[in-house]
Amino acid sequence: MKTKLIGATLACAGLLTACGGSDSGASDGPVTVTVMTWESTQTNAVIKKALAEFKDDNIKVELLDTPSGQYGDKLSSLTQAKKLPDLFWCGNDTEQQYTQQGLLVDWSSKLKDSSDFGADKFVPSAIANWTTADGQMGGLPSLMNTYGVWYNADAFTAAGVTIPKAGWTWDDMYGAAAKLTGKNGAKYGLVADQLTGPDGPFTMSMYSVSAGGAPFTDDVNHPTKAEADAKYTEGVQKLTDAVKSGSVAPPGYDASNAQSLFAAGKVPMMFGGQWLAAGFQVDKPKVKYGFVPFPQVTTPATLYDSVGICTPQYTKNQDSTFKVLQYLNTKVWDAVLPESPVAPPAYTPAQASYFDALTKAEQTTVVDTVKADLAAEKTVGVRFTTQWAQQVGDLTTAEYQPIISGKKPITNLPAYVEKINGLIKSGG
Amino acid sequence: MTTLQTERRPRRLIGTTAWYVTALFVAAVMIVPLLWMITIGLKSGSAVFEIPPRLLPREWTWSNFIDGPKAIHFPRLLLNSTIITALSVLGGVMTAMMTGYALARLRFPGRKVWFYLFVGSMLLPGVVGLIPLFQLYKSIGWYDTWLPLIVPAFLGGNPLFIFLARQYFLAIPYSIDEAAKIDGAGHLRIFTQVMLPLTRPAWITMAILAFQASWNDYLNPLVYLYSSGKWPLSVGMAAFISPFAGKTPDWSYYMATNLLYMLPPLVLFFVAQRYFIQGLGSLGSTTQK
Amino acid sequence: MNRSSRPLQRGNGPGRGKGLSRGAGSDTVAAYLFIAPAIIGFTVFVGYPLIRSFYLALTKYNGLADPVFVGLGNFRRLFGGDPAFWPALRATGYLVVLYVPLSLILGLALAMFCNQRFRGVRIVRTLAYLPVVLPAVATITLWKFILNPEVGLLNTVLDRLGLPTSLWLQSPSMSMPSVVLMMLWGVGGTMIIFLAALQSVPTELYEAAKVDGAGPWSAFIRITLPTISPIILLQVILQTTAALQTFNQPKILTNGGPGFSTNVLMLSIYNNGFPNLGRIPQLGYASAQVWVLFIVIIAVIALAAKFTSLWTYSDNTPD
């Protein structure tokens, strides 16, 4: 065992260059299709098992061993080195930006040709978001990310606050946060990274859209303008007040431990994705918890995006890769989701296994909320997916977050929006 | 200071007490974080987030010391770190000694120019090279290999070592070379058989500094390596706690593994403490020459 | 320069002035063979990147397509439009101003503390140096958790002692002081250099001062400080250039936040050149930032050299 390990490391890891995973070698052997995910070790093990069921004499599927964390750094390096695996997990932003750079294989025609794996079998908004301005699809959406509010039911009961349910209002949420703050070791009543972090301005659209106003931007993929109307400004004002009162964690709060603190009962309410359910299933928080849709003003509005799987344009065998991609999207989830219910698949026929698994685990609030989110008519994008998105992030840090933390007056909001409009016009 | 001895007795007692109180404080500041790290390593994942935090674990979870390292393939990363470090120590010390020898003891045109260029490059921020070298390594196929971490060491990659080596060589009497030359020895023989044994403290010190630099290096492997199988421990350890896709860092695993990661430099430190202190200290005293 | 004006200028090793071996012809070949690796290394790892990065600073370059020359466009964006640049400069400056003096004062104080004859002084010295020995990533991550406001060691201890606690890394005003606090844990490195310097101060000087009736304080001002001033200067330069290039601590502790409060220049360069989450890198822009940093470092060194004699390390062997 040990000698084998040392031998393999020396041969593969170190001084030799030719050790790529996608080295297909001889021409007559089966084609190797490499897959890379950002999932946890446990989820990867299940995926690996499911991929072993993929039967095709000419195709060998190999799941690359990726460690937890630093997927982002790794993706950047692989892109620079032009060594991306045949199939890799990617976000909507990555897909949009890389497609515009001509880095990814366009699957749109393949989708058109297929009847049982056509665009109509996917969640429509996912397909819309994954299509670039010129009609290309640099990858296929795989899983939907829906968001909502996780709450600690025990803390609500103890503080005598009504447990939130769909249709609650923003005022209800801030009111509850104020009452929960400082109780039982909770520093803040609400941790809402999505509102106070770099994506905050986009999340805030939920408020204005729900109140009948305009979203922060008309389209996160192909924006023509950004705006902050009266309703939007009202939403910002309410958040600013709540942060000032100390009941909502301010910008800069390190949310990376929020999930553990929530499970330990020290964060009574937090914004988060449905994927936390899978983690809670393993960690088993000591508290009774639930998941509720975002609050509203008059009509429900929510936030979601989808992640997917992309293929570099220099992949060796597009047809084989597409076969594996199709298998991943249609079959693999049925094996993975019952063990680790991370997210509802974007391919709708595969969604049943996700909801079944959650129902079996008695996570009914998660089932209800995810279903409500997916059915919501009013949705907003999570963040810009454009090339100059990072510059928007810098502007947000410089101009928007100080407003939330009360360092700059809310009257600065139009100036911030104007600067973003400037970026939209100049294209970065 | 030495003046203390002349003070009156009560004052001396106060001085002594004050010294020991301060010493205790300094020692506590340095050692308590490390002890605390061990207690976190012994807690279960959820006990870490109890509020108010307990200083000692309620249940001692020894399995963290097995499961934590397993989560990042510790043995493989340890082997990687060992190979990278060993080679760059060898290269760094060897070339620095060679260069220092030539600069200090041989007479040749351009000696001063090269000396100033080498020492001057000590002041060049490493980041200047980051982007061009990244592109260079990419184009010559060194990217995602250990070569960018090792080869520079063999090419005088650490100008500080060149400087230290030269400083040390200057202090050796020239009559030794003359004697060896009369015996018919060439430069290679003088260097390997006369100079290397004489300069043992210098190269041990350098080897220790090189070990530290390589074992601790984070930015370079982070940029130049993407295959997790080739990572050294520094990158693997950092990957442990970088949050991604809603995963919370597992602090108890991390702290348990961290102890193992710290162990090699720690052992080396206690074995060769004298040279560690000398290493940086030599900067302080060579200036006086 | 100005070599003879410094006190305590001793000879440069035995045999100074007449020692270098003769027979220049064979020496030249041998010498160049000996320094060949270093010359190659200098050309490839110093010379080439310097020129190349200067060129890249004048281009728009994403590493995927060929660089496009844009003249001073990157610098215009840096000084004109980028909302992140001035905060990055400010954060870098703040770090230097906070860290360098504190590190020197604490390092010198600790060195003087450890330069006394008490039983157990060796243990204190060893423990003070211990954090320097430990891997940076290990200690920084440890401190990230120590500084956690909810479950970290520091707030726990302060709370038990009835002292006020802080949000540390998560508060925009305390984040940089917290980073510096963590860096100061490694003050043992500074201490060791000062300790060696203190030990090389001749004791006769102190004895002479004592005869003159000087107290410990005036002995420190009149003897210790002037004698070790070359090392203090060296430390100022080393620490400043190192502090200007601080990367590991903010990268691991805060990743630049909250806001821009710890987004130092090095981190900004890294994030532009090697961005996360599948964003397209801006290598040309990052190179322009590198050059700003480089010029700042050169300026600091030049400034230090102007005020004092930097040439302690000059090559004073005869030709």
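Protein chains in written order, with numbering that gives the first Met the number 0: chain A, 0 to 427; chain B, 0 to 288; chain C, 0 to 318. Think of the CB as a built atom: it goes at the ideal place given N, C-alpha and C, for glycine as much as any other residue.
Give me the residue from the options with the minimum Cα distance to residue i.
i	options	result
B:P172	B:T198, B:I149, B:A184	B:T198
B:P290	B:R273, B:M254, B:F162	Since the first and last residues shown for chain B are 0 and 288, residue 290 of chain B lies out of range.
C:T27	B:L33, B:A255, B:S87, B:G109	B:G109
A:F116	A:K330, A:I423, A:D367, A:G421	A:K330
A:Q95	A:G181, A:V219, A:Y187	A:V219
B:M205	B:L163, B:Y223, B:S174, B:S227	B:L163
A:N144	A:Q236, A:A176, A:N91, A:Q41	A:N91
C:I191	C:G79, C:L88, C:L103, C:G214	C:L103
C:I300	C:F259, C:A87, C:V235, C:Y98	C:V235
C:P82	A:K370, A:S425, A:Q389, A:P413	A:Q389
B:Y252	B:G140, B:T60, B:G90	B:T60
A:P408	A:V235, A:K377, A:V365	A:V235
C:T202	C:G188, C:V186, C:F219	C:F219
Counting only beta-carbon atoms, is residue i nearer than 8 Å to chain B?
i	result
C:D26	yes
C:N73	no
C:Q244	yes
C:I294	no
C:V178	no
A:A154	no
A:D72	yes
Establish whether the CB of residue i and some CB of chain A are separated by less than 8 Å.
i	result
C:N114	no
B:L77	no
C:I376	Nothing about residue 376 of chain C can be read from this structure; chain C reaches only from 0 to 318.
B:L221	yes
C:I145	no
C:G256	yes
C:R278	yes
C:P274	yes
For residue i and chain C, any beta-carbon pair shorter than 8 Å?
i	result
A:N183	no
B:G140	no
A:I423	no
B:V25	yes
B:H72	no
B:I37	no
Closer than 7 Å by C-beta to residue i: which residues in its own chain qualify, once you throw out the five before and the five after it? Chain order, please.
i	result
C:T261	A90, S174, M175, V178, P249, T253, G255
A:E38	I46
A:L62	V34, N43, I46, K47, L50
Closer than 8 Å by C-beta to residue i: which residues in its own chain qualify, once you throw out the five before and the five after it? Chain order, please.
i	result
A:T297	S209, A210, G211
B:I203	A271, Y274
A:W440	Lying outside 0 to 427, the shown extent of chain A, residue 440 of chain A is not represented and no answer is given.
A:K164	V291
Would residue i pass as an interface residue toward chain E - the criterion being a Cβ-Cβ separation below 8 Å?
i	result
A:L77	Here chain E cannot be found, since the structure's protein chains are A, B and C.
Between which residues of its own chain and residue i is the CB-CB distance below 6 Å, once the five residues before and five after are set aside?
i	result
B:I30	none
A:W167	P294
A:F155	I162
C:Y93	M175
Quiz prompt | Residues in the region 58 to 90 of chain C having any Cβ partner in chain B nearer than 8 Å | solution = Under the 8 Å Cβ criterion, the region 58 to 90 of chain C contributes G62.
Quiz prompt | chain A contacts from the region 153 to 171 of chain C (Cβ-Cβ distance under 9 Å) | solution = Those residues of the region 153 to 171 of chain C that come within reach of chain A (Cβ to Cβ, closer than 9 Å) are L166, L168, Q169, S170, P171.
Practice problem: May I have a chain-ordered list of the beta strand (DSSP E) segments no shorter than 3 residues that lie completely inside the region 362 to 398 of chain A? | Solution: Here the runs fully enclosed are 377 to 379.
Practice problem: Taking only beta carbons into account, state which residues of the region 194 to 228 of chain B come closer than 9 Å to chain A, listed in chain order. | Solution: Interface annotation for the region 194 to 228 of chain B against chain A: L221, V222, Y223, L224, Y225, S226, S227, G228, criterion Cβ-Cβ distance under 9 Å.
Quiz item: Which ranges does the alpha helix (DSSP H) cover as unbroken runs of at least 4 residues, wholly within the region 75 to 154 of chain B, from first to last along the chain?
Solution: DSSP runs (the alpha helix (DSSP H)) wholly in the region 75 to 154 of chain B: 110 to 119, 126 to 138, 146 to 153.
Quiz item: Just by C-beta distance, which residues in the region 260 to 293 of chain A are closer than 8 Å to chain C?
Solution: Hits within the stretch, in order: L260, K265.
Practice problem: With 9 Å as the C-beta to C-beta threshold (strictly closer), list the residues of the region 140 to 155 of chain B near chain A in chain order. | Solution: Of all residues in the region 140 to 155 of chain B, G140, W141, Y142, D143, T144, W145, L146, I149 have a Cβ within less than 9 Å of some Cβ in chain A.
Practice problem: Taking only runs that begin and end inside the region 300 to 348 of chain A, name each unbroken beta strand (DSSP E) of 3 or more residues, in chain order. | Solution: Every unbroken stretch of the beta strand (DSSP E) spanning 3 or more residues and falling wholly within the region 300 to 348 of chain A is given here in chain order: 300 to 309.
Practice problem: Scan the region 17 to 95 of chain C and note each continuous alpha helix (DSSP H) run of 4 residues or more that stays entirely inside, going in chain order. | Solution: The region 17 to 95 of chain C contains these whole alpha helix (DSSP H) runs: 23 to 41, 47 to 56, 72 to 75.
Quiz prompt | Whole runs of the alpha helix (DSSP H) within the region 154 to 186 of chain A, excluding any shorter than 4 residues | solution = Runs of the alpha helix (DSSP H) inside the region 154 to 186 of chain A: 169 to 179.
Quiz prompt | Residues within the region 108 to 134 of chain B neighbouring chain A, beta-carbon criterion of under 9 Å | solution = The residues in question are F133, Q134.
Quiz prompt | Whole alpha helix (DSSP H) elements within the region 114 to 190 of chain C, 4-residue minimum | solution = Fully enclosed alpha helix (DSSP H) runs of 4 or longer: 120 to 132, 135 to 145, 152 to 159, 174 to 183.
Exercise. For the region 64 to 151 of chain A, list the alpha helix (DSSP H) runs that are entirely contained and at least 4 residues long, ordered along the chain.
Key: Taking only runs of at least 4 residues, the alpha helix (DSSP H) segments lying wholly in the region 64 to 151 of chain A are 70 to 79, 91 to 99, 107 to 112, 123 to 129.
Quiz prompt | alpha helix (DSSP H) runs wholly inside the region 226 to 269 of chain C, at least 4 long, in chain order | solution = The region 226 to 269 of chain C contains these whole alpha helix (DSSP H) runs: 247 to 252.
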